[in-house]
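Colleague: In terms of the working numbering, the sequence shown opens at residue 97 and continues consecutively. Where a beta carbon is used, it is the ideal one built from N, C-alpha and C, also for glycine.
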Amino acid sequence: MILKPDKTTNLGGVTVNEYLLTKHNPNHIDMPSVSMESKIIGVTVHNTDWITTAAGTTPAEQYTRATINGNMNDVRVHYYIDNVCAWQNLPLTLSGWHAADGSGNGNRRTIAIECIMSSAYNDKDKKSEDNCARLAAALLNKYKLSIDCLYTHNHWYSRKYCPAYILPHWDKFKAKVQYYMNFGSSSPATPSAKQIYRVRKSWSDAKSQIGAFSSLENAKKACKAGYYVFDEKGNAVFPVPKSYTKGTKVELNNATLYVSATATSGTKRSGTYYIYDGNAVNGRYRITTKPEYCGNTPAGKYVTGWVNKADI
Numbered sequence: 097m098i099l100k101p102d103k104t105t106n107l108g109g110v111t112v113n114e115y116l117l118t119k120h121n122p123n124h125i126d127m128p129s130v131s132m133e134s135k136i137i138g139v140t141v142h143n144t145d146w147i148t149t150a151a152g153t154t155p156a157e158q159y160t161r162a163t164i165n166g167n168m169n170d171v172r173v174h175y176y177i178d179n180v181c182a183w184q185n186l187p188l189t190l191s192g193w194h195a196a197d198g199s200g201n202g203n204r205r206t207i208a209i210e211c212i213m214s215s216a217y218n219d220k221d222k223k224s225e226d227n228c229a230r231l232a233a234a235l236l237n238k239y240k241l242s243i244d245c246l247y248t249h250n251h252w253y254s255r256k257y258c259p260a261y262i263l264p265h266w267d268k269f270k271a272k273v274q275y276y277m278n279f280g281s282s283s284p285a286t287p288s289a290k291q292i293y294r295v296r297k298s299w300s301d302a303k304s305q306i307g308a309f310s311s312l313e314n315a316k317k318a319c320k321a322g323y324y325v326f327d328e329k330g331n332a333v334f335p336v337p338k339s340y341t342k343g344t345k346v347e348l349n350n351a352t353l354y355v356s357a358t359a360t361s362g363t364k365r366s367g368t369y370y371i372y373d374g375n376a377v378n379g380r381y382r383i384t385t386k387p388e389y390c391g392n393t394p395a396g397k398y399v400t401g402w403v404n405k406a407d408i
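1) Quick one: residues in its chain with C-beta nearer than 6 Å to the C-beta of Y389, no 5 flanking neighbours on either side, listed in chain order?
2) Have a look at N250 and Y257 and give me their C-alpha separation to the nearest angstrom.
3) Taking 8 Å as the threshold (C-beta atoms), are H142 and A208 in contact?
4) CA-CA distance, A332 and T400?
5) Quick one: is E328 buried, meaning 16 or more other Cβ sit within 10 Å of its Cβ, or exposed?
6) In the segment 301 to 377, which residue ranges form an unbroken beta strand (DSSP E) of at least 3 residues, counting only runs that do not cross its ends?
7) Have a look at T341 and I262 and give me their C-alpha separation to the nearest angstrom.
8) Please report the distance separating the alpha-carbon of R365 from that of N378.
9) For the alpha helix (DSSP H) containing I164, name the first residue and the last one.
10) Roughly how many angstroms lie between the CA atoms of N123 and V130, to the nearest whole one?
11) From what residue to what residue does the alpha helix (DSSP H) around L231 run?
12) Label M97 either buried or exposed according to how many other C-beta atoms from any shown protein chain fall within 10 Å of its C-beta, with 16 as the threshold for buried.
13) Exposed or buried, which one is R255 when buried takes at least 16 other CB atoms within 10 Å?
14) Determine the closest residue to K100 out of W183, S215 and N349, with distance taken between C-alpha atoms.
15) Run through DSSP, which three-state label would I207 get?
16) Alpha carbons only, please: which of Y275, H174 and N375 is nearest the one belonging to T206?
17) Work out the CA separation of P387 and L246 for me, nearest whole Å.
18) Around the Cβ of F335, are there at least 16 other Cβ atoms within 10 angstroms (buried) or fewer (exposed)?
19) For G108, which residues in the same chain have their Cβ closer than 6 Å to its Cβ, ignoring the five residues on either side in sequence?
20) What's the C-alpha gap between E133 and V403?
21) Pull up the distance between the alpha-carbon of I371 and that of A151, whole angstroms please.
22) May I have the straight-line CA-CA distance separating F279 from I292, to the nearest angstrom?
23) Going straight from the alpha carbon of S288 to that of K345, what length do you get?
24) Looking at L353 and T368, is the spacing between their C-beta atoms short of 8 Å?
25) Whole angstroms is fine: what's the gap from Y276's alpha carbon to K238's?
26) Using a Cβ-Cβ cutoff of less than 8 Å, which residues in the same chain neighbour L312 once the five nearest sequence positions on both sides are dropped?
27) Once the 5 residues before and after I147 are set aside, which same chain residues still bring their CB inside 7 Å of it?
28) Assign Q274 to one of three DSSP states: helix, strand, or coil.
29) Could you give the DSSP three-state label for H120: helix, strand or coil?
30) With DSSP collapsed to three states, give me the class of E114.
31) Give every residue of the same chain whose Cβ lies closer than 7 Å to the Cβ of E442, excluding the five residues on either side of it in the sequence, and list them in chain order.
32) Once you ignore the five residues that flank R423 on each side, which residues in its own chain have a CB closer than 7 Å to its CB?
33) Spell out the partners DSSP gives N106 in its beta bridges.
34) In this structure, does DSSP put A182 in helix, strand or coil?
Dropping the structure here:
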């Protein structure tokens with residue numbers, strides 16, 4: 097029987113159907129019990145496979161129903177999301193079972209979104225991904241968290257290449273989330289006409305401001321080296337702040353690759369690499385050649401070398 101939500105709301109432009117397992121557990125499936133109220137540090141994005149559904153429902157509802165029926169083993173997430181809507185399974189004050197890191201921060205301190213997609217990356221998949229970006233942005237804003245608090249499953253458990261359908265373009269996905277954090281649920285093609293963009297060295301340094309614009313494009317044109325374009329909330333929207341978290345794809349262009357964080361000389365490298373663990377030492381990050389290598393041990397087997405932050 098297709099489920100009926102207890103209530104339906106809108107979050108970040110996404111229809112959210114609330115059906116909490118803490119209220120609906122007729123089959124007495126095992127449930128998380130650890131509170132994460134006031135402890136949330138981020139949002140973790142997963143991918144789960146697209147499924148064919150009966151008329152009158154969506155994959156997110158069917159995954160919720162499968163969970164209640166005990167068919168999702170021990171997976172417990174906060175949201176399933178598809179191209180139509182999201183279904184909320186857990187209250188945001190309760191930890192989930194999703195990150196494969198036991199009692200680590202992934203399970204205990206992040207909100208889990210399972211984005212339902214397929215390898216086809218068709219229009220339905222792209223809409224699911226877009227809905228996921230909108231929901232993630234709204235949640236990050238809700239808890240006053242930055243874009244660097246958006247995590248992959250792979251971040252918490254390096255042996256799991258997940259979200260499998262989003263990871264190949266994770267940097268673009270993060271940029272979309274950042275956009276929705278800045279502009280809400282408006283389309284990237286139609287930002288709010290009331291928005292004022294300020295060009296400054298930093299948001300707190302109002303004296304450094306060299307212009308204020310209603311047009312983002314005009315603000316970008318006025319933005320000089322060492323300056324940023326800020327929206328009315330103080331978020332830097334141009335240049336988009338770089339991410340140095342574990343698993344981030346980076347493009348090197350004749351950058352120096354060092355054998356250690358303290359080496360004074362190295363070799364020049366160009367190409368696509370991935371940040372190994374996101375831990376900076378002496379202003380350098382370790383990189384590796386494949387996303388699935390990130391965080392793997394022993395480090396000597398997987399780390400290609402160290403690069404300066406400025407070269408990333």
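Modeller: Judging by the given coordinates:
1) Y398
2) 6 Å
3) yes
4) Rounded to the nearest whole angstrom, the CA to CA distance from A332 to T400 is 32 Å.
5) exposed
6) 307 to 309, 324 to 326, 332 to 334, 345 to 353 and 363 to 371
7) T341 and I262: Cα-Cα distance of roughly 16 Å.
8) 20 Å
9) P155 to I164
10) 20 Å
11) D219 to K238
12) exposed
13) Exposed, because fewer than 16 other Cβ atoms sit within 10 Å of the Cβ of R255.
14) W183
15) strand
16) H174
17) 17 Å
18) Inspection of the sequence shows that residue 335 is occupied by Pro rather than by Phe. Exposed.
19) R230, L231, A233, A234 and S281
20) For E133 and V403, the gap between their C-alpha atoms comes out near 38 Å.
21) 44 Å
22) 12 Å
23) With a pLDDT of only 46 at S288, under the threshold of 50, the placement of this residue in the model should not be trusted; the figure read from the coordinates follows. Approximately 31 Å between the Cα atoms of the pair.
24) no
25) Rounded to whole angstroms, Y276 and K238 show a C-alpha spacing of 13 Å.
26) P287, Q291, Y293, V325, V333 and F334
27) Cβ within range, chain order: P155 and Q158.
28) helix
29) coil
30) strand
31) Examination of residue 442 is not possible in this model, given that the chain is present from 97 through 408 alone.
32) Outside the displayed span of the chain (97 to 408) sits residue 423, for which this structure offers no information.
33) According to DSSP, which records beta bridges pairwise, N106 is partnered with T111.
34) DSSP places A182 in strand when its eight states are reduced to three.
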